[in-house]
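One structure below.
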Amino acid sequence: ALALVWFRNDLRLDDNPALQAALDNGYVPIPVYIHAPDEGGDWAPGAASDAWRHRSLAALDEALRRRGSQLRHFFGPSLATLQSLIATTGAEAVFWNRRYEPAHERRDAHIKTTLRHEGLRVESFNAALLFEPWTVRNKQGLPFKVFTPYWKTLLTQWQLGLCIDAPSRLPHSDEGPSGVSLDALKLAPKLAWDRGFWDEWTPGEAGAHAALDTFVDGALRGYREQRDRPDRVGTSRLSPHLHFGEIAPWRVASVLERERTAANGADIDAFLRELGWREFAHHLLHHFPETPDHNFDARFNDFAWSNVSPDRLADWQQGRTGVPIIDAGMRELWHTGWMHNRVRMIVASFLTKHLRYHWRHGARWFWDTLIDADLANNTLGWQWVAGTGADAAPYFRVFNPVLQASKFDPDGRYIARWVPELAGLPVPLRFSPWQDPQALRRVAPDYPPQPLVDMGAGRESALAAYRKLRG
Ligand code: FAD
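Just so we're aligned, residue 8 is where the sequence shown starts under the UniProt record's numbering, counting upward by one.
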């Protein structure tokens with residue numbers, strides 16, 4: 008008998024419970040990918056995400072072909088496509104791994120009910136998380152809203168899934184339509200604005216494993232101290248791989264546990280805690296599905312956000328604010344599809360506090376430009392920095408971009424890499440070049456002579472708006 012295995016954000020063959028279930032139950036799996044961006048609702052995938060997915064799907068197809076199978080691509084809508092595949096192949100079962108975005112949860116529940124009514128065997132599995140969102144509750148039986156007690160609870164229930172390597176051969180069937188080509192899905196950009204990405208990234212399962220190996224042999228040592236340094240490779244860079252499900256989080260955790268020694272224990276704990284934030288983000292998104300579009304903290308519904316000036320927003324987006332650490336981060340994002348976590352916090356603080364723009368404007372830009380754009384993590388990140396979120400940094404905590412840069416990029420190397428026109432300035436001036444207008448004009452005549460907002464005035468007006476809210 009045949010089973011459709013519907014691939015979504017689980018683009019791997021190792022540790023893939025849906026695929027395993029098909030095989031364990033004696034089905035011949037038909038691997039399927041359905042392109043249906045509209046089914047993400049207001050949060051259809053962005054351009055950088057599509058560019059990654061194109062390559063990741065190609066890698067998955069190649070891995071399937073090496074094992075005697077292949078991936079078939081189709082256009083949505085998902086339910087009608089599955090139904091027509093069931094009719095033409097005679098498949099008796101459909102297996103997939105779960106997604107947690109609200110629009111996808113709704114869609115999948117509907118598809119499951121409909122197909123079961125039609126007599127199909129339909130099962131879904133967890134491939135993305137260490138703990139499913141509904142399995143973790145506080146003492147009152149409610150979802151957590153604060154990270155530390157959530158994390159402590161996870162640790163008391165800590166048990167990692169088994170790691171299961173993909174079989175070296177897969178049974179194959181030619182029944183039914185072979186679908187459209189990957190290129191027909193038009194996920195890859197027409198103009199190669201993503202060219203710079205691929206010097207840094209290798210989408211797909213092999214790339215994910217290579218990134219983990221590189222981390223274990225390199226940045227893991229000292230992670231706890233180095234993870235805040237954008238001028239170094241101090242983190243794992245696993246985020247896009249985890250987002251697209253190219254590697255299971257329990258495999259990442261298991262590999263690290265195997266490496267545990269007295270010397271690296273604190274680094275491993277610090278890393279697992281970050282994976283814990285990823286779990287927490289998914290927990291929040293599942294239980295508070297309106298938060299990608301609305302303040303978690305409803306007090307902020309009355310907050311006096313500034314009206315957006317399209318020019319100023321574009322200056323932020325394109326790295327022309329005149330504040331070097333901000334411009335460096337925004338240019339890193341544009342060129343590589345990724346930005347260091349510390350810098351994400353600094354640029355988000357600048358947008359939501361110094362410019363006092365609603366966090367939604369930043370979240371949207373990240374959504375379109377990040378290769379790791381993830382509705383759970385992005386929502387948590389923006390609401391955390393803006394002060395509107397669950398367990399967020401308080402709004403009155405305004406990052407000073409000059410101090411942040413001097414602390415976390417002390418030699419100005421990150422700034423020099425991404426804003427090379429400032430590399431000719433001595434180090435302290437790279438953090439606040441407006442302090443020596445002559446030197447700035449000489450070295451970088453095209454760089455903004457003044458920051459988009461005065462640091463002190465921006466901070467004060469943000470705090471004043473906040474005080475009004477409380478008053
Ligand atoms: P590492 O430090 O090596 O961490 C390992 C893994 O833990 C990451 O791959 C990621 O899956 C998870 N993780 C780490 N930090 C966080 C965090 N703060 N919240 C949730 N999970 C975390 N991350 C995304 O994956 N997608 C996003 O769209 C996203 N948007 C963000 C927006 C803002 C404003 C902020 C402040 C943070 C955002 N993050 C997002 C979280 C974080 O910046 C990235 O996960 C991290 O920089 C990825 O780099 P890494 O894999 O080297 O991280």
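Where is the CB? At the ideal position from N, CA and C, for every residue including glycine.
Might you give, ordered along the chain, the residues of its own chain that have their beta carbon closer than 6 Å to the beta carbon of Leu263, omitting 5 neighbours on each side?
-> Ile275
Rounded C-alpha distance that separates Arg105 from Val35 = 21 Å
Could you tell me the boundaries of the beta strand (DSSP E) in which Phe403 lies?
-> Element bounds for Phe403: n/a, residue is neither H nor E.
Check whether the Cβ of His250 sits closer than 7 Å to any heavy atom of the ligand FAD, and report yes or no.
-> yes
Would the region 287 to 298 and the region 386 to 398 be scored as touching if the rule is three or more Cβ pairs under 8 Å?
-> yes
In three-state DSSP terms, what is Glu46?
-> helix
Mapping DSSP to helix, strand and coil, what is Arg79?
-> strand
Under the assumption that Ile118 contacts Asp21 (Cβ atoms under 8 Å), give the Cβ distance between them as a whole number of angstroms.
-> That pair is no contact at about 26 Å.
Let me know the secondary structure DSSP gives Val330 once reduced to three states.
-> coil
Among Thr376, Ala135, Val409, Gln90, which has the Cα closest to the Cα of Thr121?
-> Gln90
Should the region 150 to 161 be called in touch with the region 43 to 54, which here means at least 3 C-beta pairs below 8 Å?
-> no
Residue range of the beta strand (DSSP E) that includes Ala10 = 9 to 14
Answer yes or no: do Ile332 and Phe438 have a C-beta to C-beta separation smaller than 8 Å?
-> yes
Using a Cβ-Cβ cut-off of 7 Å (strictly less than) and excluding sequence neighbours within five positions of Phe403, which residues of its own chain qualify?
-> Leu470, Tyr473
Measure the Cβ-Cβ separation of Pro150 and His289 and say whether it is below 8 Å.
-> no
Give a yes or no on whether the C-beta atoms belonging to Val259 and Leu282 are separated by under 8 Å.
-> yes
Less than 8 Å between the CB atoms is what I'm expecting for Ala446 and Leu436, so what's the real figure, rounded?
-> 6 Å
Can at least three beta-carbon pairs, one atom from the region 428 to 435 and one from the region 320 to 329, be found at a separation below 8 Å?
-> no
Please classify Arg176: does DSSP put it in a helix, a strand, or coil?
-> coil
Own chain residues within Cβ distance below 7 Å of Val460, not counting five before or after | His361, Leu362
Buried or exposed by the 16-neighbour rule on C-beta atoms within 10 Å, applied to Pro401 | exposed
Within 8 Å, strictly: CB atoms of Ser56 and Ile378 = yes
Report yes if the C-beta of His124 is less than 7 Å from at least one heavy atom of the ligand FAD; otherwise report no.
-> no
Top-ranked residue by Cα proximity to Thr209, from Leu9, Ala54, Glu467, Ala66 | Ala66
Assigned secondary structure, Arg319 (DSSP; H/G/I helix, E/B strand, else coil) = helix
Buried or exposed by the 16-neighbour rule on C-beta atoms within 10 Å, applied to Thr268 = exposed
Could you round the C-beta distance between Leu177 and Arg74 to whole angstroms and report it? I think they count as a contact, below 8 Å.
-> 4 Å
Report yes if the C-beta distance between Asn385 and Ala370 is below 8 Å; otherwise report no.
-> yes
For the beta strand (DSSP E) containing Asn104, list its first residue and its last residue.
-> 100 to 104
Cβ-Cβ distance between Ser180 and Ala218 below 8 Å = no
Looking at His301 and the ligand FAD, is the gap between the Cβ and the nearest heavy atom below 7 Å?
-> no
Which of helix, strand or coil DSSP assigns to Arg424 | helix
Backbone secondary structure at Pro52 - three-state DSSP = coil
Leaving out the 5 sequence neighbours to the left and right, which residues in its chain are closer than 7 Å to Met337 when beta-carbon positions are compared?
-> Trp323, Gln324, Gln325, Gly326, Val354
Terminal residues of the continuous alpha helix (DSSP H) containing Phe154?
-> 154 to 163
Where do the N-terminal and C-terminal ends of the beta strand (DSSP E) with Arg231 fall, by residue?
-> From DSSP, Arg231 is part of no beta strand (DSSP E) but of the alpha helix (DSSP H) over 230 to 233.
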